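Contents: one structure, followed by commentary.
What follows is the structure, given as structure tokens:
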């Protein structure tokens, strides 16, 4: 929901940094790999109850995720790069809740499982919409230049990053925060299904 407002603010500095990174021959795919590796390390830190380290790794991971697109725009966008980026994003989105489940399976297991289920449902509506949008030659740049159709929703990248930051800052609140975010994910997925029904009606 907030990505369309955040992107105009963060894209100019990211694009400048992306051009500098491209000059030292670091590719967009290398940045993508760096981002998801940092995300996995953040999950490991959470499992070890090192929440401040996890917070730093989460923020570094998302910075790398923003820079991979900037590097691609400074060099050459590719279909594989776009595909690899979304796969890496989903690895990150799964890893952080798993970190909290590993940290305390008894306390966090059910809420963490519900959150992962909601992410799965939300991801299905998000990617399914993108596939059919490509089939219908739909385009949008509201959330930055992408290799595929990036449909919006109630919860997007900005909200998810804020949510993960909040979890690292207040790990004792994981269970209620996870349930609330899971519910919002499901509501967003339902809204996207209704939107798809209107847009893609034959």
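Numbering (the working numbering), first residue to last: 27 to 228.
Here a beta-carbon is modelled for each residue, glycine too, at the ideal position from N, C-alpha and C.
For clarity, every value in this text was computed on a predicted model and none was experimentally measured.
Looking at residue j and residue i, is the spacing between their C-beta atoms short of 8 Å?
| i | j | result |
| --- | --- | --- |
| residue 83 | residue 96 | no |
| residue 48 | residue 133 | no |
| residue 139 | residue 126 | no |
| residue 40 | residue 92 | yes |
| residue 116 | residue 149 | yes |
| residue 114 | residue 61 | yes |
| residue 219 | residue 88 | no |
| residue 144 | residue 222 | no |
| residue 195 | residue 79 | no |
Tell me the rounded alpha-carbon separation between residue i and residue j.
| i | j | result |
| --- | --- | --- |
| residue 86 | residue 211 | 24 Å |
| residue 30 | residue 160 | 20 Å |
| residue 50 | residue 199 | 42 Å |
| residue 123 | residue 108 | 24 Å |
| residue 206 | residue 44 | 35 Å |
| residue 157 | residue 77 | 37 Å |
| residue 54 | residue 225 | 33 Å |
| residue 163 | residue 155 | 12 Å |
| residue 120 | residue 72 | 13 Å |
| residue 90 | residue 215 | 27 Å |
| residue 169 | residue 33 | With a pLDDT of 48 at residue 169, under the threshold of 50, the modelled position of that residue is not reliable, and the figure given next carries that caveat. Cα-Cα distance, rounded: 6 Å. |
| residue 52 | residue 65 | 19 Å |
| residue 103 | residue 58 | 13 Å |
| residue 94 | residue 56 | 8 Å |
| residue 46 | residue 63 | 22 Å |
| residue 42 | residue 131 | 43 Å |
What did DSSP end up calling residue i once you bin it into helix, strand or coil?
| i | result |
| --- | --- |
| residue 74 | coil |
| residue 226 | coil |
| residue 58 | helix |
| residue 52 | coil |
| residue 134 | helix |
| residue 163 | coil |
| residue 143 | helix |
| residue 151 | helix |
Could you give the residue range of the alpha helix (DSSP H) that holds residue i?
| i | result |
| --- | --- |
| residue 184 | 183-195 |
| residue 115 | 105-129 |
Please work out which residues of its chain come closer than 6 Å, Cβ to Cβ, to residue i, disregarding the five sequence neighbours upstream and downstream, and give them in chain order.
| i | result |
| --- | --- |
| residue 201 | 137 |
| residue 98 | 54, 107 |
Whose C-beta lies closer than 7 Å to the C-beta of residue i among residues of the same chain, with five residues either side of it excluded?
| i | result |
| --- | --- |
| residue 294 | Residue coverage of the chain in this structure runs from 27 to 228, which leaves residue 294 outside it and unanswerable. |
In chain order, what residues of the same chain have a beta carbon less than 8 Å from the beta carbon of residue i, not counting five sequence neighbours either side?
| i | result |
| --- | --- |
| residue 192 | 199, 203 |
| residue 129 | 72, 73, 74, 75, 197 |
| residue 153 | 112 |
Compare the C-beta of residue i against all C-beta atoms of chain C and say whether one is closer than 8 Å.
| i | result |
| --- | --- |
| residue 215 | Checking the listed chains, one finds no chain C in this structure; it contains a single protein chain. |
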